[in-house]
Amino acid sequence: MEALAETVRRLSASSRRTYQNPYEAIAWPDDLDRRQWFTSPQFVSLYGTPAWESLDDDRRKELSFWEAVNFYSLNIHGEKALMEGLAHRLYQPGMEAVAEYLHHFLDEENKHSVWFGTFCTRYAGKVYPDRKVVFPRDHAEGEADFLFFAKVSIFEEIVDRYNVAMGRDDALVPVARQINANHHAEEARHLVFGRRIVQELWREWSGRWPDEVVDGIRSYLTAYVEATWREYYNPDVYRDAGFSDPWKLAREAWDHPATQGHRAAINRSCLRPLRQVGALEAP
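Okay, so the sequence shown: first residue is 183 according to the numbering used here, each after it adds one.
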């Protein structure tokens, strides 16, 4: 794992060099007019569907506000699970080589939760609830660690595609642009680490696992990708944005060719690291 150890040293140095106070990194206005863009239109879950076409500009912008609340809520829940998993693995046997960077990883994810939580509670008065249901399962040796980091990689790769684009979108209200840009700046390190540790863990364990374990991992991760995307089509968002049948709209939006194409395009790049090692099969 020498390559991984070198990655850990480099990323840890970068984290120390660019450390920032989460309470000073974002300029928080006292209140916000919701008739502004909070999510870039192409990342709004209804974009390209008949429901989107039915909205005037002000309602599209208000929808983009609730979509931002959902996006940040997803990150809050994702980072809670991530922090729990990282803390569990601190100095775990077999993880000693990455312990230094896990401290930085934990610190940065906690800061991100401050940003996301502040936006949601200050401007929406709530965080959308986590709808994921996790079922306990038995694991082969090494499987739990691999699945944890593989799921982290999937979640963060998708989020980062949104962050990169929206952090550069001058049409967004400044606070939304700042959150996305700052999140990407630190997530870039997490993505490098995630790709490397997934590669190393797969190399270490996949040859020892029987075929049924490898097949089970591929099926599990495929289901996780879909479950992750499903959360972007949140009926609570549609209800808050004034749609009359939010659950039906969520189903219709998920099934629409425009949204299928959006997910497929992002998956092509986001899932490439896992496909390259063989943990996911090509579509």
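Glycine included, every Cβ here is placed at the ideal spot set by N, Cα and C. Predicted, not measured: the structure shown is a model, and the values here were computed from it.
When secondary structure is reduced to three states using DSSP, L237 falls in the coil class, being assigned neither helix nor strand. By a beta-carbon distance limit of 8 Å, L193 contacts R371. Their separation comes to about 5 Å. Across the structure, A435 and S227 are spaced so that their CA atoms are roughly 7 Å apart.
Rounded to whole angstroms, the separation of the alpha carbons of S295 and V395 is 34 Å.
In the DSSP secondary-structure assignment, L268 is not bridged to any residue. According to the DSSP assignment, L214 belongs to no alpha helix (DSSP H), since it is labelled neither H nor E.
The C-beta distance from G299 to E338 rounds to 18 Å, too long to meet the 8 Å contact threshold. In the structure shown, the three-state DSSP call for L456 is helix. Look at L228 here: in three-state DSSP terms it is coil, with no helix or strand label.
Here L462 carries a coil assignment [DSSP, helix/strand/coil]. Within 10 angstroms of the beta-carbon of P392 lie fewer than 16 other beta-carbons, which makes it exposed.
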